[in-house]
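*Asks:* Pasting in a structure now, in structure tokens, and then I'll have a few things to ask.
Residue numbers (the numbering used here), protein chains in the order written: chain A, 11 to 419; chain B, 11 to 419.
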């Protein structure tokens with residue numbers, strides 16, 4: 011597939027190192043030019059499904075006529091080829107499904123969103139809706155290969171569990187690998203690798219977590235106390251339904267592996283977005299305030315704040331700074347309209363002056379009630395007088411990308 | 011520079027997304043084809059140094075005749091071009107210095123290691139010796155742009171500081187921006203961004219850290235108690251010398267931003283390498299054991315363990331599994347000979363059976379005394395009988411890559 015282009019690029023790698031190394035042990039892979047990604051069709055899809063432990067299919071539009079788009083498309087193929095090469099020994103198949111040419115196959119396989127990657131594992135399908143780079147994809151697939159339920163056997167492993175406050179986690183206490191545990195395991199497979207499932211057969215671990223036999227707890231990210239799933243023992247569907255109802259957290263961290271899914275899950279066309287570098291003292295302090303607010307408002311289904319740590323997205327940092335007119339060396343919180351990226355930001359320009367949890371809650375109330383929104387300011391005199399948007403109108407900084415004239419050349 | 015090749019690749023990006031997005035706010039940059047990286051020569055290097063806040067120069071060998079190497083070279087240029095594009099508004103210049111054609115300039119600028127990237131900031135030169143990918147480089151340069159000393163003003167920021175156990179950190183208590191603080195700041199600039207410097211002017215923060223006025227503490231990674239720098243007030247050189255003497259930690263984490271520098275800093279040709287996923291309960295438990303051992307042996311200058319979290323290097327995970335014959339879904343510790351990647355690994359094949367800190371210390375003693383090494387086993391009968399290296403010889407698994415025949419096709 012795309013032999014000419016690929017052989018042209020043979021010897022390339024996406025993450026390349028040209029260091030003079032007399033030492034061995036840290037060699038980044040270069041794409042070796044070997045064709046590993048299958049061109050899926052009616053003739054070969056069943057065989058491919060049978061042959062591999064995992065089958066990853068990229069569902070794409072037909073090859074575009076536009077040269078620029080063609081190159082993008084070939085670059086995507088290259089990401090898949092490099093991923094396939096890196097994971098060569100893991101029994102994972104890779105293929106491309108053309109939404110036009112292979113429409114029938116796509117329908118049979120249940121592929122729906124053009125531009126998505128679908129992973130087939132046993133009788134399940136997992137949609138990958140994250141950053142399509144080789145490292146994110148490799149990490150994601152390695153996670154999918156792991157057991158969907160992780161066992162906690164002792165106090166130290168319990169401590170590891172308790173530190174994972176950024177993740178949605180479920181934990182169940184079972185006697186052993188009985189039918190109740192199996193139901194829990196079946197449920198876990200439906201959410202792997204996005205939601206983490208843990209189990210223990212150990213009485214002291216269960217006691218520490220105040221878990222009764224066959225009970226399952228649900229930990230929302232950043233919350234101190236778990237929710238107890240109603241009823242026990244629980245069926246697979248009990249668990250699945252509970253998770254589906256509760257998976258949109260009050261405070262959720264943006265992650266490369268499902269960033270587009272998170273972004274598409276907006277609240278009436280907007281996101282409340284907080285930027286905070288956890289490694290930075292200011293950012294850490296702001297994040298702690300955010301967690302306080304999230305804990306106080308965990309029962310408000312209208313509220314979901316997307317926390318972005320700029321350290322996780324170096325290539326997007328300056329894009330965000332430009333689009334939202336922000337300084338991301340400092341923490342920020344604002345409202346973003348996801349259809350046009352219009353935004354309004356809370357003024358925190360004074361270094362000493364992070365908002366208190368109460369002030370932040372007031373601001374969030376203003377957002378939820380519509381008093382603070384991305385539209386009101388668009389024609390305000392303040393905004394016209396300050397075209398670079400850095401000066402706050404009243405107490406809120408605002409920025410409408412359509413009104414800016416900061417285009418380069 | 012390399013106009014033809016770059017225009018051929020125009021419209022490309024290294025981390026590409028072809029998702030159908032009706033929503034805005036998460037757009038990864040594509041390389042726009044514009045030439046931003048300078049071809050540095052005797053004519054323009056002084057002007058470039060003056061013009062930018064930061065100047066990044068990639069010091070490279072002449073363009074190779076080999077086509078494969080040429081493409082690698084051009085891919086490096088592309089990494090630099092994309093980085094330059096992303097950081098366009100940050101006043102950073104980028105250039106290439108040919109070790110042959112521009113030998114005179116290189117000498118004047120003090121460039122030494124071909125394949126390294128040198129960053130000029132004010133009168134300092136910072137060598138980048140990490141993964142040459144756009145995201146690692148962008149993150150590194152954003153760090154270099156920040157203030158080299160971070161202020162701690164309150165209890166919450168102090169908590170952020172205390173959580174950074176993976177980093178080498180210095181903290182000083184000063185009255186204000188006086189000459190002693192300035193000396194500390196000057197010292198910090200010599201290590202930015204690799205070693206973190208913090209300061210406080212706040213009495214209660216200082217009290218919490220048991221810091222006297224003008225005192226500086228040095229925190230080795232993973233250690234509970236800091237070392238106090240002898241003497242106070244301290245001159246810039248006092249601080250610089252202390253850091254240089256103590257910067258090789260007993261337990262150090264491998265990071266993309268300086269991975270090659272760390273790897274080159276071996277101990278008589280070997281590294282003790284520990285693989286542990288911090289996010290995994292098993293990995294976390296093993297890491298805690300490692301920290302215990304490191305704390306017990308912090309005064310042994312012969313010991314430095316490199317901790318690698320496989321989650322940080324998805325593209326290298328399968329390479330390491332293959333090279334060292336390991337299963338990296340589980341924690342591992344071993345000795346690697348850096349000249350040939352020959353290695354020997356502690357047998358931890360029983361899930362329930364992580365070593366105790368005492369057992370680990372015994373093993374490390376065996377390594378340091380040479381009783382466990384990568385050579386002894388090379389001709390052993392056990393090894394010949396088990397060519398895939400998975401079965402331990404005595405209690406140690408071993409693997410010599412030269413003896414394996416696991417090449418694909």
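By construction, the Cβ of each residue, glycine as well, lies at the ideal position given by its N, Cα and C atoms. Since the structure is predicted, the reported quantities are computational estimates derived from the model, not experimental observations.
For residue 209 of chain A, count the other beta carbons within 10 Å of its own beta carbon; 16 or more makes it buried, fewer makes it exposed. Which is it?
*Replies:* Under this definition residue 209 of chain A is a buried residue.
*Asks:* For the region 303-328 of chain A, list every residue whose C-beta sits within 7 Å of some C-beta in chain B, in sequence order.
*Replies:* Under the 7 Å Cβ criterion, the region 303-328 of chain A contributes 321, 324, 325, 326, 327, 328.
*Asks:* Which residues of chain A have a Cβ atom closer than 8 Å to the Cβ of residue 174 of chain B, listed in chain order?
*Replies:* In chain order: 289.
*Asks:* With 7 Å as the limit, tell me which residues of the region 245-273 of chain A have their beta carbon closer than that to any beta carbon of chain B; keep them in chain order.
*Replies:* Residues 269, 270, 273.
*Asks:* Would the beta-carbon of residue 127 of chain A fall within 8 Å of that of residue 66 of chain A?
*Replies:* It is a contact, given that the beta carbons lie within the stated cut-off.
*Asks:* I want to verify the contact list: residues of chain B whose CB lies under 9 Å from the CB of residue 156 of chain A, in sequence order.
*Replies:* In chain order: 290, 339.
*Asks:* Residues in its own chain within less than 7 Å of residue 238 of chain A by CB, not counting five upstream and five downstream?
*Replies:* Excluding sequence neighbours, residue 238 of chain A sits near 225, 227.
*Asks:* DSSP three-state call for residue 249 of chain B: helix, strand or coil?
*Replies:* It is helical.
*Asks:* Could you give the DSSP three-state label for residue 265 of chain B: helix, strand or coil?
*Replies:* Residue 265 of chain B: coil per DSSP, three-state reduction.
*Asks:* For residue 281 of chain A, which residues does DSSP report across the bridge?
*Replies:* According to DSSP, which records beta bridges pairwise, residue 281 of chain A is partnered with A:346.
*Asks:* Determine, using beta-carbon pairs with one atom in the region 319-331 of chain A and one in the region 134-151 of chain B, whether at least three such pairs fall under 8 Å.
*Replies:* The region 319-331 of chain A is in contact with the region 134-151 of chain B.
*Asks:* For residue 366 of chain B, write down the residues that DSSP places opposite it in a beta bridge.
*Replies:* Partner(s): none; residue 366 of chain B has no beta bridge.
*Asks:* Terminal residues of the continuous beta strand (DSSP E) containing residue 335 of chain A?
*Replies:* It is not in any beta strand (DSSP E) - residue 335 of chain A carries neither H nor E in the DSSP assignment.
*Asks:* List, in chain order, every chain B residue whose beta-carbon is nearer than 9 Å to that of residue 39 of chain A.
*Replies:* 325, 326, 328, 329, listed in chain order.
*Asks:* Compute the Euclidean distance between the alpha carbons of residue 398 of chain B and residue 335 of chain B, then round it to the nearest angstrom.
*Replies:* Residue placement at residue 398 of chain B cannot be trusted, given a pLDDT of 41 that sits under 50; what the coordinates show is reported in the next sentence. Residue 398 of chain B and residue 335 of chain B: Cα-Cα distance of roughly 8 Å.
*Asks:* Any heavy atom of the ligand NAP within a distance shorter than 7 Å of the CB on residue 259 of chain B?
*Replies:* Judged by which ligands are present, the structure shown has none, so any question about the ligand NAP falls away.
*Asks:* If you check the beta carbons only, do residue 138 of chain B and residue 148 of chain B fall under 8 Å apart?
*Replies:* Going by C-beta atoms, residue 138 of chain B is not nearer than 8 Å to residue 148 of chain B.
*Asks:* Please classify residue 206 of chain B: is it buried, with 16 or more other beta-carbons within 10 angstroms of its beta-carbon, or exposed?
*Replies:* Result: buried.
*Asks:* What is the DSSP secondary structure of residue 25 of chain A, reduced to helix, strand or coil?
*Replies:* For residue 25 of chain A, the predicted model reports a pLDDT of 35, less than 50, meaning its position is unreliable; a value from the coordinates is still stated below. The answer is coil: DSSP assigns residue 25 of chain A none of H, G, I, E or B.
*Asks:* Return the chain-ordered ranges of every beta strand (DSSP E) run that is complete within the region 117-142 of chain A and spans a minimum of 3 residues.
*Replies:* Counting whole runs of 3 or more residues, the region 117-142 of chain A contains the beta strand (DSSP E) stretches 127-131, 134-138.
*Asks:* With a threshold of 8 Å between beta-carbons, can residue 152 of chain B be considered close to chain A, or not?
*Replies:* Residue 152 of chain B counts as touching chain A.
*Asks:* Roughly how many angstroms separate the alpha carbons of residue 353 of chain B and residue 284 of chain B, rounded to a whole number?
*Replies:* Whole-angstrom Cα-Cα distance: 12 Å.
*Asks:* Could you name the residues of chain A that residue 227 of chain B contacts, counting a contact when the two beta carbons are closer than 9 Å?
*Replies:* What residue 227 of chain B touches in chain A: nothing, since even the nearest Cβ is about 16 Å away.
*Asks:* Quick check: residue 196 of chain B and residue 246 of chain B, are their CB atoms within less than 8 Å of each other?
*Replies:* Against a cut-off of 8 Å, the Cβ pair of residue 246 of chain B and residue 196 of chain B comes out as a contact.
*Asks:* So, using beta-carbon positions, are residue 282 of chain A and residue 374 of chain A closer together than 8 Å?
*Replies:* Contact: yes.
*Asks:* When DSSP labels each residue in this structure, what does residue 50 of chain A get in the three-state scheme?
*Replies:* Three-state DSSP puts residue 50 of chain A in coil, outside helix and strand.
*Asks:* Could you list the residues in the region 93-107 of chain B with a C-beta less than 8 Å from some C-beta on chain A, going in chain order?
*Replies:* Cβ contacts with chain A come from 96, 97, 98, 99, 100.
*Asks:* Between the Cα of residue 266 of chain A and those of A:249, A:58, A:381, A:203, spot the shortest distance and give me the residue it belongs to.
*Replies:* Cα-wise, what sits closest to residue 266 of chain A is A:203.
*Asks:* Just mark residue 268 of chain A as buried or exposed, buried being the case when its beta carbon has 16 or more other beta carbons within 10 Å.
*Replies:* Under this definition residue 268 of chain A is a buried residue.
*Asks:* Count the other CB atoms within 10 Å of the CB of residue 84 of chain A; is the residue buried (16 or more) or exposed (fewer)?
*Replies:* Buried is the call here.
*Asks:* List, in order along the chain, the chain B residues whose C-beta lies closer than 7 Å to that of residue 295 of chain A?
*Replies:* Here the neighbours are 166, 167, 170.
*Asks:* Measuring alpha carbon to alpha carbon, tell me which of B:339, B:368, B:314, B:321 ends up nearest residue 359 of chain B.
*Replies:* Closest option to residue 359 of chain B, Cα to Cα, is B:339.
*Asks:* Spell out whether any CB of chain A is found under 8 Å from the CB atom of residue 47 of chain B.
*Replies:* No, residue 47 of chain B does not count as interfacial toward chain A.
*Asks:* Helix, strand or coil: how does DSSP classify residue 305 of chain A here?
*Replies:* Note: residue 305 of chain A maps to helix in three-state DSSP.
*Asks:* Could you tell me whether the Cβ of residue 392 of chain A comes closer than 8 Å to any Cβ of chain B?
*Replies:* Because the pLDDT at residue 392 of chain A is just 44, under 50, the model does not fix this residue reliably, and the value given afterwards should be weighed accordingly. Not closer than 8 Å to any Cβ of chain B, the Cβ of residue 392 of chain A fails to qualify, so no.
*Asks:* Measure the C-alpha to C-alpha separation of residue 344 of chain A and residue 33 of chain B and round it to an integer number of angstroms.
*Replies:* Approximately 17 Å, taken between the alpha carbons.
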